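Enquirer: The sequence shown begins at 128 in our numbering and counts up one residue at a time. Every residue gets a Cβ at the ideal spot worked out from N, C-alpha and C, and that includes glycine. Remember, predicted model here, so these are calculated numbers, not experimental data. There's a structure below that I have some questions on.
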Amino acid sequence: MKSYWKHYFIDNHDIALIEAGVQKNLPSQINDYTVHHDYVIHIVLSGKGYFVVNHQHYELQKNDCFILKKDHHVYYEPDHDDPWTIGWIALGGKNIDHYLKDTIITHSDTFHFKEDSAVYYQIIELITFLETINSQMT
């Protein structure tokens, strides 16, 4: 999977796909900021890394997810010996909280997908599909 980062802003006034991307990080790439989108779901595709939110420190690896939530300060970086490749999708919209209210996305900062998870593969398919669209547009 090639690296890409694309803002989409596909909005049906209910739920919105804001952006998506894939990035193979260098060991020195640090992200330290306050989140502006409602939800950004990151999936570790390979390698390892670290995520800090709400004074909680997480060590993550392949098939782990971490969730960025609006107005939260986050810090994340790849492992120096085995830097991660991450994929993400950012979601928003006026009813996003309604749709996600009973999901792990709103109740946890991280979670792990099992190897045979259908949801994991659907998210990977979406990221790959968006990568294909992005390649055709450039």
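Give me the DSSP bridge partner(s) of Y203.
Expert: The partner list for Y203 (beta bridge, DSSP) reads N158 and F178.
Enquirer: DSSP three-state call for H163: helix, strand or coil?
Expert: Note: H163 maps to coil in three-state DSSP.
Enquirer: For Y160, count neighbouring C-beta atoms within 10 Å of its own C-beta (all shown protein chains included) and say buried if the count is 16 or more, exposed if not.
Expert: When all chains shown are included, Y160 counts as exposed.
Enquirer: Using the C-alpha atoms, what's the distance from K241 back to G148?
Expert: Looking at the two C-alpha atoms, the distance is approximately 22 Å.
Enquirer: Throw me the rounded Cβ distance for the P210 and N152 pair, which I believe falls under 8 Å.
Expert: Confirmed, Cβ separation roughly 5 Å.
Enquirer: Between which two residues does the beta strand (DSSP E) harbouring I194 extend?
Expert: Element bounds for I194: D191 to K196.
Enquirer: Helix, strand or coil: which one does DSSP assign to E258?
Expert: Helix.
Enquirer: Does DSSP put T212 in a helix, in a strand, or in coil?
Expert: It is a strand residue.
Enquirer: On the DSSP bridge assignment, give the partners of L144 in chain order.
Expert: Paired residues: I137 and L218.
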